[in-house]
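Undergrad: Heads up: the first sequence begins at 194 in this note's numbering, then just goes up one per residue.
We put the CB at the ideal spot given by N, CA and C, even for glycine.
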Amino acid sequence: MRLSRLFGKTLRQAPAEAETDNHMLLLRARLVEQLAAGVYSWLPLGWDVARRVQEIIRAEMNAAEGQELHMPGIQPRELWEESGRFDTFSGLYTLQDRRERWMVLGPTHEEVITDLVRRNVQSYRDLPQRLYQLQTKFRDEPRPRGGLIRVREFIMKDLYSFDADAGGLDASYDAMVTAYHNIFRRCGVPVVQVQADSGAIGGKDSQEFLFLTDIGEDTALICDHCGYAANAEKAEFRKPRAEVEQPLPMEELSTPGQKTIDDLVRFTGRSHARTLKAVFYIADGRPVFVAIRGDLDVNEIKLRNILKAVELELMDDAQVRIRGLVAGSASPVGLSGMTVIADDSVLESPNLIAGANQPDVHYVNVNYQRDWQADVVTDIALARAGAACIRCANPLRERRGIEMGHVFKLGTVYSEKMGATFLDPAGQAQPVIMGCYGIGVERLIAAAIEANHDERGIIWPDELAPYHVHLVGLNLDRPEVRDTAESLYRGLLAAGVATLYDDRQESAGVKFNDADLLGMPWRVTVSPRALERGGVELKARSQKDPELVAVSDALAAVLARVRG
RNA sequence: CGGGGAGUAGCUCAGCCCGGCAGAGCACCGCGUUUGGGACGCGGGGGUCGCAGGUUCAAGUCCUGUCUCCCCGACCA
């Protein structure tokens, strides 16, 4: 490709909306252009990268016995009602056709693939199946952000596995995990595999592949000692033990003006772990009282899962008053009329300080079971940096990360609801056991740039580079330069090397800066200065200084490096 | 949805407080001189100042409404 003909000129200044390095580089190099919030066009150079990423994904999916197919973006609402997700999947794009029939723009394809499988799989002999596609997804995100990091329309690789038994699912899942590591390695993006919450997709086990970076919107907790790693949404940890004491009689304590846990700690001189924190939520319209030890915070994802709630929000002041709760001194003691969820930290923590549900009064020596009970006692605590690893008790490290891929063991949640069954060897109908596995292409490319750039521009990993050689001609008005450059260009093309030839009438500075910005792995410079020294210059994007190769050997030398 | 910020040329922004000829740099076009890390001279093209309404002799500037975009949070894969 001649750079003079390439659609889209590089930008010296990034548009104001870009804040992260990858976003600025995507825009400056003209890989993408924004059309609306979270909606982007791929320009030719960017689309070339996107195609290469998709080819890597295809190769790895095929190697893992995946079969590619392609499903519709427009899906009938009824399918989503069958799975129960029409009302629960937030951000679903819906539309009506001319006969006023409701349709959904697919944000994911569990429903459609399960429908396909129930029509086409009858016997255990038809299993396993691993079916995937590279397809455009639509999600009406509450807040698109970070350039390509969170968008409303994007290409996703989604593979769905169908197995006859749990062992089959494990094999499919493991094959995908291996393939994912291969994909991210080939794209130059380091990842850590973490335990994850399965969210709106459903199912039991799920893991995410996080690219650790300060610009990430997820939080990972990592144990460097034993290797435990989990998304903060899911992370478990060993809670600090309470002091062992005999339960003492519960008493009132006058606490004028003391409202927060911190107030109580200062006022009483007791530690945070000796207090009981109360938080109130509305879960799908129902009031919920949550109690947790004062040194811990509520993990709202865990809480939502316990409640099986779609919407979970903190009560506002008016609702708190209506329910008869006293903010700042709310108490589970004597509480009735709402669901009470307690973190298991309260079980073996005797003699806590809790609210008394009257202003300026707290109770001391509150003990679970004797003084109050919850409807559910379980782990609903949020893990933080320094918390003790659930496996080995060493302190966890907290890092931000971007979710590059997510794998789920769905089990039979969809196959049971949608009647996707097969006959086992005994002739019994069984629900198909499913898994699903997703990678976002846009996000992967953004991460690849974030992980592979310097202050001058992108440094493409070999497999993603839209061109492998960036051929720079300086002073192309001189015949010996032009002839050498043109001849090299033709030679590279004939040898099948993807080459971007900067044939513009621009100064050396402009051309070198664009070469660094665009980030092709190899730069070949043809100039009067180099020719006088008997050759052309060859430099890797990652190297500082070029080497000189003889004109007669130039083509062979470049080919050796590029293919090396 | 809550909080904050911004919409003026393709990009970055000034002008708005204090109403009075729409500007700069980069980019673009022409001519010439240049060419090893974002050259220079001369000449030129490009704007319903997000949109609607209002106030005024006069609105980019003041008022009201509205839309869009960005950031933080909520939420979400």
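1. Out of 734, 354, 745, which has the shortest C-alpha to C-alpha gap to residue 677?
2. Run the CB neighbour count on residue 530, radius 10 Å, all protein chains shown included, and call it buried at 16 or more, exposed below.
3. Just to confirm the assignment: which complete alpha helix (DSSP H) runs, minimum length 4, are found wholly within the region 434–466?
4. Taking DSSP as the reference, what is the three-state secondary structure of residue 314?
5. Is it true that the CB of residue 477 sits closer than 9 Å to the CB of residue 533?
6. Answer with buried or exposed for residue 509, where buried requires no fewer than 16 other C-beta atoms within 10 angstroms of its C-beta.
7. Go through its chain and collect everything with a Cβ distance to residue 277's Cβ below 7 Å, but skip five positions before and after it.
8. Taking the C-alpha atoms as reference points, what is the distance between residue 248 and residue 654?
9. Beta-carbon separation of residue 603 and residue 632 under 9 Å?
10. Given that a residue counts as buried once 16 or more other Cβ atoms are within 10 Å of its Cβ, and exposed if not, what is residue 451?
11. Along the chain, where does the beta strand (DSSP E) containing residue 377 start, and where does it finish?
12. Could you work out which residue in 553, 670, 594, 354 is closest to residue 457 when comparing CA atoms only?
13. Runs of 4 residues minimum, wholly inside the region 213–258: which ones carry the alpha helix (DSSP H) assignment?
14. Of all the beta strand (DSSP E) runs that stay within the bounds of the region 542–609, which reach a length of 3 or more residues?
15. Select from 421, 606, 252, 430 the residue whose C-alpha is nearest the C-alpha of residue 386.
16. Is DSSP giving residue 672 helix, strand or coil here?
17. By how many angstroms is the C-alpha of residue 321 removed from the C-alpha of residue 360?
18. Closer than 8 Å is the cut-off here; do at least three beta carbon pairs connect the region 575–582 with the region 426–439?
19. When we look at the beta-carbon of residue 548 and count the other beta-carbons within 10 Å, is it buried (16 or more) or exposed?
20. Taking the alpha carbon of residue 399 as the point to measure from, which residue in 308, 628, 576 has its own alpha carbon closest?
21. In the structure shown, what three-state DSSP assignment does residue 734 receive?
22. Run the CB neighbour count on residue 517, radius 10 Å, all protein chains shown included, and call it buried at 16 or more, exposed below.
23. Starting from the Cα of residue 354, find the closest Cα among 738, 683, 607 and give me that residue.
24. Which residues bound the alpha helix (DSSP H) around residue 512?
25. Distance check for residue 335 and residue 618, CA to CA, integer angstroms please.
26. If you count every other CB in all the chains shown that lies within 10 Å of the CB of residue 485, and 16 or more means buried, which is it?
27. Is it a yes or a no for the region 658–674 touching the region 704–712, going by three-plus beta-carbon pairs under 8 Å?
28. In chain order, what residues of the same chain have a beta carbon less than 8 Å from the beta carbon of residue 270, not counting five sequence neighbours either side?
29. Nearest-angstrom Cα distance between residue 466 and residue 545?
30. Which partner residues of residue 349 appear in the DSSP bridge assignment?
31. Tell me the DSSP secondary structure of residue 529 in three-state form.
TA: The relevant details are as follows:
1. As a first step, residue 677 is located in the first sequence; it is residue number 484 there, counting from the start. When only C-alpha atoms are compared, the closest one is 745.
2. On the first sequence, position 337 is the one that residue 530 refers to. The residue is exposed, with fewer than 16 neighbouring Cβ atoms inside 10 Å.
3. 454–461
4. The residue given as residue 314 occupies position 121 in the first sequence. The answer is coil: DSSP assigns residue 314 none of H, G, I, E or B.
5. Taking the first residue of the first sequence as position 1, residue 533 is located at position 340. Taking the first residue of the first sequence as position 1, residue 477 is located at position 284. It is not a contact, given that the beta carbons lie outside the stated cut-off.
6. Residue numbering aside, residue 509 sits at position 316 when the first sequence is read from its first letter. By the neighbour-count rule (16 or more Cβ atoms within 10 Å), residue 509 is not buried but exposed.
7. Translated into positions along the first sequence, residue 277 becomes position 84. Same-chain partners within the cutoff: 610.
8. As a first step, residue 248 must be located in the first sequence, where it is residue number 55. As a first step, residue 654 must be located in the first sequence, where it is residue number 461. Their backbone Cα atoms lie some 14 Å apart in a straight line.
9. The residue given as residue 603 occupies position 410 in the first sequence. The residue given as residue 632 occupies position 439 in the first sequence. No, they are not a contact pair.
10. Numbered from its first residue, the first sequence carries residue 451 at position 258. Answer is buried; the Cβ neighbour count reaches 16.
11. For this step, residue 377 is matched to residue 184 along the first sequence. Where residue 377 is concerned, there is no enclosing beta strand (DSSP E), although the alpha helix (DSSP H) it sits in stretches over 359–379.
12. Walking along the first sequence from the start, residue 457 turns up at place 264. Out of 553, 670, 594, 354, 553 has the C-alpha closest to the C-alpha of residue 457.
13. 214–221, 237–256
14. As summarised for the region 542–609, the continuous beta strand (DSSP E) elements at least 3 residues long and confined to that stretch are 545–551, 554–559, 569–571, 590–604, given in chain order.
15. Looking up residue 386 in the first sequence gives position 193. Distances from the alpha-carbon of residue 386 to those of 421, 606, 252, 430 put 421 closest.
16. The residue you call residue 672 lines up with position 479 of the first sequence. In the structure shown, residue 672 sits in a helix (DSSP, three-state: H, G or I).
17. Position 167 of the first sequence holds residue 360. Position 128 of the first sequence holds residue 321. Approximately 11 Å, taken between the alpha carbons.
18. yes
19. Within the first sequence, the letter at position 355 stands for residue 548. Counting Cβ neighbours within 10 Å, residue 548 comes out buried, since at least 16 surround it.
20. Here residue 399 corresponds to residue number 206 of the first sequence, with the count starting at 1. Among 308, 628, 576, the Cα nearest to that of residue 399 belongs to 628.
21. For the purposes of this step, residue 734 is identified with residue 541 of the first sequence, where counting begins at 1. Of the three classes helix, strand and coil, the one that applies to residue 734 here is coil, per DSSP.
22. On the first sequence, position 324 is the one that residue 517 refers to. Residue 517 comes out exposed.
23. Along the first sequence, one-based indexing puts residue 354 at 161. When only C-alpha atoms are compared, the closest one is 607.
24. Locating residue 512 in the first sequence gives position 319, counting from the first residue. Counting along the chain, the alpha helix (DSSP H) containing residue 512 begins and ends at 510–515.
25. The residue labelled residue 618 in the question sits at position 425 within the first sequence. The residue labelled residue 335 in the question sits at position 142 within the first sequence. Going by the C-alpha atoms only, they are around 47 Å apart.
26. Counting from 1 along the first sequence, the entry for residue 485 is found at position 292. It is buried - the Cβ of residue 485 has at least 16 other Cβ atoms within 10 Å.
27. Yes, they touch.
28. Residue mapping note: residue 270 aligns to position 77 of the first sequence, counting from 1. Correct list, in chain order: 279, 287, 294, 295, 296, 297.
29. Sequence index remark: in the first sequence, residue 466 carries index 273 (1-based). Sequence index remark: in the first sequence, residue 545 carries index 352 (1-based). One C-alpha to the other measures close to 8 Å.
30. Here residue 349 refers to the residue found at position 156 when the first sequence is read from its first residue. The partner list for residue 349 (beta bridge, DSSP) reads 328, 633.
31. Within the first sequence, residue 529 is the residue found at index 336, counting from 1. Looking at residue 529 - three-state DSSP - the assignment turns out to be coil, as it is neither helix nor strand.
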